[in-house]
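For the sequence shown, position 31 (counting from the first letter as 1) is numbered 31 according to the UniProt record's numbering, and the numbering increases by one without interruption. Using N, Cα and C, we set each Cβ at its ideal position, and we do this for glycine too. See structure below.
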Amino acid sequence: MGKGGNLMTASEVEELRRKNGEMEKEVEEMKKEMLQLWRRTQVAEEAEERLCSQLAELEAESLDEARDYHSRIIFLVNELSRVSSSSSSSSSDLASP
């Protein structure tokens with residue numbers, strides 16, 4: 001600072017201008033980085049939405065398959081029971097004179 005603290009020397013003014021220019025460049029770089037991060041965040045969010053949608057489809061598909069398998073198992077258990085009971089009654093018919 002110059003005399004009385006009110007006036008600045010030319011070198012002080014130049015130093016402040018230089019620092020101001022550096023700070024403005026840093027701010028611009030930070031803005032660019034922030035924009036890149038925002039874009040990457042958008043891409044990640046879109047990917048997350050697609051994955052969630054695919055997961056929901058797979059869950060629905062696996063639930064349908066589980067229901068189909070369950071129905072098939074019930075059918076086969078009933079068939080086995082029917083065959084077993086008809087086999088038992090045939091055996092008992094043969095054993096009775």
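For Glu57, which residues from the same chain have a beta carbon less than 8 Å from its beta carbon, with the 5 sequence-adjacent residues on both sides left out?
Residues of the same chain with their beta carbon placed closer than 8 Å to that of Glu57 are lacking, with the five preceding and five following residues left out of the count.
Measure the C-alpha to C-alpha separation of Ser85 and Ile74 and round it to an integer number of angstroms.
For Ser85 and Ile74, the distance between alpha carbons rounds to 16 Å.
Using the three-state DSSP reduction, which class does Met23 fall into: helix, strand or coil?
Helix at Met23.
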